[in-house]
Amino acid sequence: MHSFDLYDTWRICHPNTRDYTYFSHVHSSYSRIDLCLIHSSALSRLLEATIGIITWSDHAPLTLTFEAAFPPRGMGNWRLNDSLIVDRDDVSTMLQLLQEYFTTNVIGDVATASVWLAYKAVMRGHFIQRGAQRKRRLNAQMTALICRITELETQNKSSPTPNITVQLISQCRELEHLMLQVTARSIRRLNYAHYTQGNKPGKLLASKLKGKRMQTNIPYLLDANNVKIYNPALITDEFARYYASLYNLGLDHTVPSPTQHDIDLFLQAASLPSLSPSQATDLLAAFTEEEVLKAINALPKNKAPGPDGFTNLYYQVFASSLVPTLTLFFNDIKNTGIIPPEMLQATVVTLPKPGKPPTHCANVRPISLLNVDAKLYAKLLATRLAPLLPSLIATEQTGFVLGRQTCDNTRCFYDIIDLAHRTNTSGLLLALDAEKAFDRLHWGYMRLVLLKFGLPAQFVHSIMALYSAPSAKVLASGFLSSSFHITNGTRQGCPLSPLIFILALEPLALQIKISQAIKGMPTPNGEHKLALFADDILLFLTTPEISLPSLFHLLDSFGALSYYKNNVSKTQALPINIAASSLGSLRSKYPFDWRSTSLKYLGISLSKSRGTILKENFTPLLNSIETQLSTWSTNESSWLGRMAAIKMCILPQILYYFRNIPVFIPAHLLLRLQKLLHAHIWKGKPPRLSASTVTAPRRNGGLGFLDLQIVLQSSLTSPTVVVNASQRTTSMVTVGECHDFHI
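The sequence shown: position 713 = 713 (the working numbering), numbered continuously.
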C-alpha cells in the first residue's frame with residue numbers, strides 16, 4: 001500500500017487498538033478484513049475512523065470523519081412531511097385542530113390575513129411536534145437496542161462464550177425487526193404502486209425511463225473576476241447577487257426609467273382593443289367557494305412547496321376546512337389590493353442548463369417556488385381573465401390563448417414561403433431572441449397596459465397586489481441566501497404570469513402591424529408581418545433596408561418602456577430571394593445569426609425549401625427516437641410497459657412534428673419508424689401478436705397501439721376542424737391557397 005502512497009485510515013487513528021469488522025458465524029471468530037484506504041494528501045484532514053457494530057450483516061460499518069473547510073450542506077427550508085397526513089388518525093386529529101382554530105379565530109374584529117398567517121404558524125408547529133414525537137419514540141427504541149448490542153459485542157470480542165453469542169444474535173434480530181417495521185408500510189405501498197402502475201403511463205414509469213439524474217450540485221462558481229468559489233454558502237450568495245440585479249433593473253443606472261407619459265403615448269399609438277362593460281363587470285364578481293375548491297383540486301401532485309413548506313397535497317387533504325377561510329381571505333385581497341408580504345416570498349432553486357457548464361450564473365436556470373396560497377389566488381384571477389384573451393389578443397399571438405396552437409405559426413410560415421416562391425417575392429425572415437423577457441417586464445408599464453385593455457381598475461389593483469412586495473431567497477446545496485426584493489418581471493410559476501406577459505407584448509405586435517415603415521410579406525389578404533408564441537417572435541419582412549431600421553427603432557422604444565431587450569447576436573435571419581449584393585450589405589450592418597437554408601423556431605427547423613423539410617426535421621427525429629429506444633433496451637419491463645413508455649414519451653414528440661409541419665411523410669419513413677417502435681416492444685424478438693392486433697382499438701379486442709398512418713392523417717386534418725371553433729380564428733395567410741401543404 002505504501003508504494004501507492006495509500007494508508008489504512010483505521011490503523012492511522014488507532015495504532016495500538018484491536019477491533020474487528022467481520023464476524024464469522026460458522027467459526028464464531030472475528031477479523032478485520034474491511035479497509036478504507038486514502039492518499040497521503042488527505043491524511044491531514046482525517047479526524048476519526050470508527051468501526052460500528054455488526055447488526056444486519058456479518059460486516060460492521062466503517063465511518064470516517066474529515067475536517068471540511070466549509071459545511072457541505074445547509075438546513076434549507078422547513079417542508080411538510082406528507083407522510084404525516086396519510087394516516088387516517090393523523091388526518092382526523094389535524095382536521096379537528098383546524099376546525100377548532102378557525103371557529104375560535106375567524107371573528108368579525110380580526111383581519112382574515114392575520115388569521116391565515118397565524119394559522120400557518122400554528123399548523124407548522126403541530127406538524128414539527130408530531131414529527132419530532134414520532135422520531136423520538138423510534139430513536140429511543142433503536143438507541144436502547146444499539147447500546148445493548150454494543151455492550152454484548154464488546155464482551156464477545158474480548159471473551160467469547162456461546163451464551164453471549166446467542167444473546168447478541170437475538171438482539172440483532174430484534175433491531176432488524178424494528179427497522180423492518182418502519183419500512184414495511186413503505187414497502188407495501190411501493191409494491192402496490194409497482195403492481196398497479198408499473199405498465200401504465202405515469203410518474204412511476206417516467207422515473208424508470210429517465211436517464212441519469214441531472215447533476216444539480218454545483219461544485220464551484222466563477223465570480224465576476226473569474227475567481228473560483230467552492231464554499232456552497234458563498235455560491236448561494238453569488239447567485240443571490242446575480243438575481244437581485246436581474247430582478248431590480250430600476251437600480252441599474254444604465255437602464256432608462258420610463259415615465260407614465262411616455263408609456264401612455266406608446267399605448268395610444270397601438271390602438272388597443274378594450275373589454276365590453278359586461279365583460280369588465282364579470283371580472284369583479286366575488287370569488288366563490290366552488291371556484292376555490294376547483295383551483296385546489298387542480299393542483300398537481302408531488303410539486304415542491306414554497307417557503308412556508310405547505311404542499312399541494314396538504315391543501316387537497318384539508319380542503320373542506322380551508323376553503324371557507326381561503327375564500328374570505330382571497331376576496332379581501334381582491335377588494336383591498338393588500339396582500340401579506342410573507343405570502344409573496346419565494347425560494348429560487350438553481351438547475352444547470354443542459355450542455356452548458358454550471359460555472360457561471362447565466363448558465364443556470366432559476367426555478368421559483370411560490371407559496372401554494374399565492375398560486376391559488378393567482379389561479380382564480382387567471383381563470384377569470386383567460387376566456388377574455390381571444391377578444392383582446394390578435395390572432396398572430398398563439399401562446400397561452402384559448403383555441404390557438406403552435407401549429408398556427410409554423411403553418412403560417414410555410415404559407416408565406418410558398419407564396420414568396422410562387423410570386424418571386426424577396427424578403428427576410430427574422431426569429432427574434434428576447435433576453436429573459438418574462439424576468440425583465442416593467443411593472444409600471446404592465447399596470448398601464450392592463451388598464452388600457454379595459455380591465456377594471458379594481459381588478460388591475462387585485463393583480464398588482466401580487467407585485468406589491470415580493471421577495472426571494474436562493475436555495476443551493478441546502479443553504480439559503482439573504483432575502484432580496486423583486487421590482488420587475490412576472491413571477492415564475494405563477495398561473496397569471498403568461499397571461500400578463502402576452503397582454504404586455506401585444507402593443508409591440510400591434511405597432512409592428514400598423515407601421516408603414518415596416519413592410520411585411522404581401523398576400524391576397526394584405527401584408528403579413530409576424531407570428532408570435534409568447535416572447536418567440538417570427539417576422540416576415542420585405543425591403544429589409546427600410547424595414548430593419550424602423551423595426552429596431554420600435555424595439556428600442558418598446559424596450560425603454562417595458563425593459564424588453566432583444567439579443568441581436570442570437571436573432572436568426574433567413575433571406576428569401578435576396579440578391580447577393582444586397583445580402584452582403586445587410587450582413588455587414590446587422591450581426592444576426594444568419595442562416596442559409598432554415599431557422600429554428602419553437603423546436604422546429606423551418607426550411608425555406610420544401611425539399612429539405614424532411615431532412616431538416618424528420619431525419620433528426622428518427623435518429624433521436626432510435627437513440628432513446630436503444631437506451632431503454634436495458635430496462636426491465638413487460639411488453640405492455642414498453643408500449644406505455646412509447647405512448648408516454650415518444651408519441652408526444654411524433655405528434656408535435658406531425659402537427660407543426662404540414663407535409664405528408666413518405667410511406668418508407670413511416671414504415672421505418674413503425675418497425676422501430678414494434679421492434680422495441682418485442683425486444684427485437686419475433687412478435688407474439690400481429691401488428692394489426694397491436695394497433696387495433698381496445699374496444700375491438702386490440703391493444704390500442706400507434707398506427708402512425710392514422711396519427712399523421714389526424715394531425716394534418718385537425719387544424720382544419722378547429723378553424724370554425726367558437727374561440728378560434730385562423731391566422732393563416734389563406735386556407736387552400738397553398739394546396740401542397742394543406743389537405
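Note that the Cβ used here is the ideal one computed from N, Cα and C, for glycine as well. In this text the structure is predicted, and so the values were computed from the model without any measurement.
Cβ-Cβ separation, residue j to residue i (assumed contact under 8 Å), whole Å
{"i": "residue 345", "j": "residue 371", "result": "7 Å"}
{"i": "residue 21", "j": "residue 34", "result": "4 Å"}
{"i": "residue 28", "j": "residue 236", "result": "The pair is not a contact, with the Cβ atoms about 53 Å apart (cut-off 8 Å)."}
{"i": "residue 7", "j": "residue 37", "result": "7 Å"}
{"i": "residue 127", "j": "residue 84", "result": "6 Å"}
{"i": "residue 477", "j": "residue 232", "result": "4 Å"}
{"i": "residue 682", "j": "residue 639", "result": "6 Å"}
{"i": "residue 440", "j": "residue 249", "result": "6 Å"}
{"i": "residue 396", "j": "residue 530", "result": "6 Å"}
Cα-Cα separation between residue i and residue j, rounded to whole angstroms
{"i": "residue 532", "j": "residue 218", "result": "35 Å"}
{"i": "residue 641", "j": "residue 44", "result": "52 Å"}
{"i": "residue 616", "j": "residue 408", "result": "20 Å"}
{"i": "residue 220", "j": "residue 463", "result": "39 Å"}
{"i": "residue 510", "j": "residue 271", "result": "8 Å"}
{"i": "residue 707", "j": "residue 686", "result": "19 Å"}
{"i": "residue 745", "j": "residue 578", "result": "A question about residue 745 goes unanswered here, because the residues of the chain that appear run from 1 up to 743."}
{"i": "residue 356", "j": "residue 698", "result": "45 Å"}
{"i": "residue 454", "j": "residue 269", "result": "16 Å"}
{"i": "residue 5", "j": "residue 42", "result": "11 Å"}
{"i": "residue 425", "j": "residue 526", "result": "14 Å"}
{"i": "residue 694", "j": "residue 674", "result": "12 Å"}
{"i": "residue 156", "j": "residue 169", "result": "11 Å"}
{"i": "residue 101", "j": "residue 285", "result": "29 Å"}
{"i": "residue 141", "j": "residue 302", "result": "32 Å"}
{"i": "residue 623", "j": "residue 645", "result": "18 Å"}
Contact check, residue i vs residue j, beta carbons under 8 Å
{"i": "residue 755", "j": "residue 361", "result": "Because the chain spans 1 through 743 in this model, residue 755 falls outside it and cannot be assessed."}
{"i": "residue 650", "j": "residue 625", "result": "yes"}
{"i": "residue 747", "j": "residue 488", "result": "Nothing can be reported for residue 747, as the shown portion of the chain is limited to 1 through 743."}
{"i": "residue 574", "j": "residue 598", "result": "yes"}
{"i": "residue 665", "j": "residue 712", "result": "yes"}
{"i": "residue 131", "j": "residue 81", "result": "yes"}
{"i": "residue 427", "j": "residue 328", "result": "no"}
{"i": "residue 167", "j": "residue 152", "result": "yes"}
{"i": "residue 590", "j": "residue 548", "result": "yes"}
{"i": "residue 113", "j": "residue 332", "result": "yes"}
{"i": "residue 279", "j": "residue 389", "result": "no"}
{"i": "residue 377", "j": "residue 662", "result": "no"}
{"i": "residue 493", "j": "residue 369", "result": "yes"}
{"i": "residue 619", "j": "residue 433", "result": "no"}
{"i": "residue 379", "j": "residue 495", "result": "yes"}
{"i": "residue 497", "j": "residue 438", "result": "yes"}
{"i": "residue 678", "j": "residue 691", "result": "yes"}
{"i": "residue 539", "j": "residue 716", "result": "no"}
{"i": "residue 507", "j": "residue 267", "result": "yes"}
{"i": "residue 534", "j": "residue 400", "result": "yes"}
{"i": "residue 348", "j": "residue 474", "result": "yes"}
{"i": "residue 419", "j": "residue 523", "result": "yes"}
{"i": "residue 336", "j": "residue 115", "result": "no"}
{"i": "residue 243", "j": "residue 61", "result": "no"}
{"i": "residue 406", "j": "residue 660", "result": "yes"}
Counterpart residues of residue i in DSSP-defined beta bridges
{"i": "residue 485", "result": "471"}
{"i": "residue 365", "result": "351"}
{"i": "residue 63", "result": "50"}
{"i": "residue 601", "result": "604"}
{"i": "residue 7", "result": "38"}
{"i": "residue 566", "result": "434"}
{"i": "residue 520", "result": "541"}
{"i": "residue 576", "result": "427"}
{"i": "residue 442", "result": "488"}
Check: residue i C-beta below 7 Å from any heavy atom of the ligand SAH
{"i": "residue 359", "result": "Among the ligands in the structure shown, none appear at all, so the ligand SAH cannot be discussed."}
Notebook entry, point to check: Are the region 448-460 and the region 603-615 touching, with three or more C-beta to C-beta distances below 8 Å?
Noted result: no
Margin query: Does the region 302-316 come into contact with the region 352-361, if we say contact requires no fewer than three beta-carbon pairs (one atom in each stretch) closer than 8 Å?
Written below: no
Check: Are the region 255-269 and the region 549-564 in contact at 8 Å, needing three or more beta carbon pairs?
Finding: yes
Check: Okay, do the region 465-473 and the region 333-342 touch, 3+ Cβ pairs below 8 Å being the bar?
Finding: yes
Notebook entry, point to check: Given 8 Å as the limit, is there contact between the region 318-326 and the region 84-99, that is, 3 or more CB pairs closer than that?
Noted result: yes
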